[in-house]
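The sequence shown begins at 4 in our numbering and counts up by one.
Beta carbons are placed, not taken as given, at the ideal position from N, Cα and C, and that holds for glycine.
Please read these numbers as outputs of a predicted model, since none were measured by experiment.
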Amino acid sequence: MFCNARRAVLPGAMATPSAPPVRVAVRLAAPTAELEALAEPLLAPEERVRRDRFLHDGARREYLVGRWLLRTTLAAELGADAASLRFVENAHGALSLPAPATLRFNLSHTKGLVAVATCDGHDVGVDVEDRLRRGRTTEIAHRFFAPAEVAALRALPEEAQRDRFFAIWTLKEAYIKARGLGLALPLATFAFDLDTDPGAVGLSLTPAARDDATRWRFERRDPTPRHRLAIAAATGSSPIDLDVVWCAGR
Ligand SMILES: CC(C)(COP(=O)(O)OP(=O)(O)OC[C@H]1O[C@@H](n2cnc3c(N)ncnc32)[C@H](O)[C@@H]1OP(=O)(O)O)[C@@H](O)C(=O)NCCC(=O)NCCS
Numbered sequence: 004m005f006c007n008a009r010r011a012v013l014p015g016a017m018a019t020p021s022a023p024p025v026r027v028a029v030r031l032a033a034p035t036a037e038l039e040a041l042a043e044p045l046l047a048p049e050e051r052v053r054r055d056r057f058l059h060d061g062a063r064r065e066y067l068v069g070r071w072l073l074r075t076t077l078a079a080e081l082g083a084d085a086a087s088l089r090f091v092e093n094a095h096g097a098l099s100l101p102a103p104a105t106l107r108f109n110l111s112h113t114k115g116l117v118a119v120a121t122c123d124g125h126d127v128g129v130d131v132e133d134r135l136r137r138g139r140t141t142e143i144a145h146r147f148f149a150p151a152e153v154a155a156l157r158a159l160p161e162e163a164q165r166d167r168f169f170a171i172w173t174l175k176e177a178y179i180k181a182r183g184l185g186l187a188l189p190l191a192t193f194a195f196d197l198d199t200d201p202g203a204v205g206l207s208l209t210p211a212a213r214d215d216a217t218r219w220r221f222e223r224r225d226p227t228p229r230h231r232l233a234i235a236a237a238t239g240s241s242p243i244d245l246d247v248v249w250c251a252g253r
């Protein structure tokens with residue numbers, strides 16, 4: 004099903020021997036009324052407050068199924084009770100487990116898909132997007148992408164540009180989420196290159212990104228025909244061993 008992990012290749016980097024792979028688990032679920040109901044007994048008081056603020060049923064369902072998937076995934080990884088888990092939130096909205104937990108995680112939702120990624124000891128970010136969603140991808144790219152990404156996008160045949168947009172967008176979101184900064188990190192301060200070494204993901208950073216590109220590895224998947232997924236994990240010289248599983252309530 005999901006195999007052939009791709010290595011991130013950094014432009015200009017010397018070939019170095021790889022360290023042992025690091026496992027990144029990705030758990031996926033399609034938001035349904037059944038899973039939404041399973042989330043209810045697991046919610047912390049602040050999550051109930053947030054649930055009650057959603058005006059759209061679809062957004063509320065994505066949020067609740069995200070909480071169900073997050074809590075059941077972490078509970079399974081930690082051998083803990085899903086309802087007892089508590090999270091710490093940083094100034095940019097990123098969630099983590101309180102110290103001394105070493106398990107890192109991130110979550111993403113879009114129409115029709117929720118994803119949770121976990122990695123022990125290494126920061127991880129995940130993004131999923133619906134490539135059929137409405138919106139002017141070219142204009143968004145021109146506004147937010149780095150100049151090299153825009154140039155590479157424009158060089159493609161028109162029919163390939165939508166897929167390239169979502170490939171770059173999911174990578175960018177996965178990276179800013181793995182850093183815990185979200186959109187506080189301007190999207191044009193770093194650039195992905197999918198052309199120099201086809202099949203690999205290159206990352207270049209401007210000084211404003213305040214980071215070291217060699218810390219990062221990336222993976223991309225198409226979990227359904229309409230959904231695109233990207234993972235960023237700070238595993239350094241260790242390739243990502245990606246373990247992707249679809250989850251359903253029982
Ligand atoms: C984080 C961000 C990139 C999410 O993008 P998105 O594509 O709209 O949403 P996704 O579904 O992929 O991800 C949402 C999840 O990412 C997580 N998340 C939120 N902020 C995050 C951050 N800074 N870093 C990592 N993860 C973050 C949350 O778990 C969230 O899910 P939840 O709302 O159900 O808890 C973007 O919304 C952002 O930067 N927002 C700014 C948030 C902020 O600055 N908040 C200030 C405190 S109020």
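Would DSSP call residue i helix, strand or coil?
i: W219; result: coil
i: L106; result: strand
i: D200; result: coil
i: P23; result: coil
i: F193; result: strand
i: R226; result: Note on identity: in this sequence residue 226 is Pro, with Arg being the wrong assignment. Here P226 sits in strand by DSSP.
i: A158; result: coil
i: R137; result: coil
i: S99; result: strand
i: G128; result: strand
i: D244; result: strand
i: R54; result: helix
i: L45; result: helix
i: R231; result: strand
i: G251; result: Strictly speaking, residue 251 in this sequence is Ala, with Gly absent from that position. It is coil, neither helix nor strand.
i: R213; result: coil
Should residue i be listed as close to ligand 1, given that the test is whether its C-beta is under 7 Å from any heavy atom?
i: S99; result: no
i: L110; result: yes
i: G185; result: yes
i: E43; result: no
i: K114; result: no
i: D130; result: yes
i: H230; result: no
i: I171; result: no
i: G205; result: no
i: H95; result: yes
i: I179; result: yes
i: E176; result: yes
i: G138; result: no
i: G69; result: yes
Using a Cβ-based criterion (distance less than 7 Å to any ligand heavy atom), does residue i qualify as near ligand 2?
i: D225; result: Ligand 2 is absent from the structure shown, which contains only ligand 1.
Considering residue i, what are the terminal residues of the alpha helix (DSSP H) in which it resides?
i: T121; result: First-last for T121: 116 to 123, but that is the beta strand (DSSP E), not the alpha helix (DSSP H).
i: D166; result: 161 to 181
i: A94; result: Careful: A94 lies outside any alpha helix (DSSP H) and carries neither H nor E.
i: A42; result: 36 to 42
Can you tell which of the options has its C-alpha closest to the C-alpha of residue i?
i: T238; options: D215, A187, W249; result: D215
i: L110; options: R30, L41, D246, S87; result: R30
i: A177; options: D126, E162, L135, P226; result: D126
i: T141; options: A32, A158, V131, L81; result: A158
i: H95; options: Q164, T105, A187, P160; result: A187
i: W172; options: E162, E161, P160, A149; result: A149
i: R224; options: G61, L156, T35, L174; result: L174
i: T113; options: G61, L98, R74, R139; result: G61
i: A47; options: Y66, L98, R89; result: R89
i: M43; options: L81, A85, H59; result: First, the amino acid is wrong: residue 43 is Glu here, not Met. Of the candidates L81, A85, H59, the one whose C-alpha sits nearest the C-alpha of E43 is A85.
i: A163; options: D130, R146, L197; result: L197
i: W249; options: L116, W219, R146; result: L116
i: T105; options: E92, T121, N93, A97; result: T121
i: P217; options: V204, L156, A83, R139; result: Note that residue 217 corresponds to Thr in the displayed sequence, not to Pro. Among V204, L156, A83, R139, the Cα nearest to that of T217 belongs to V204.
i: L41; options: P23, G69, A22, F57; result: G69
i: V131; options: V25, G252, R229; result: R229
i: D133; options: V25, S21, P226; result: P226
i: A118; options: P201, P242, V27; result: V27
i: A155; options: A212, I143, F168; result: F168
What first and last residue would you give for the beta strand (DSSP E) that runs through residue i?
i: G61; result: First-last for G61: 60 to 81, but that is the alpha helix (DSSP H), not the beta strand (DSSP E).
i: L208; result: 205 to 208
So, does the CB of residue i fall closer than 8 Å to a CB anywhere in chain C?
i: R224; result: Protein chains in the displayed structure number just one, and chain C is not present.
Does the contact criterion of 3 or more C-beta pairs under 8 Å hold for the segment 231 to 243 versus the segment 170 to 182?
yes
Is there contact between the segment 208 to 227 and the segment 188 to 198, where contact requires at least three CB pairs shorter than 8 Å?
yes
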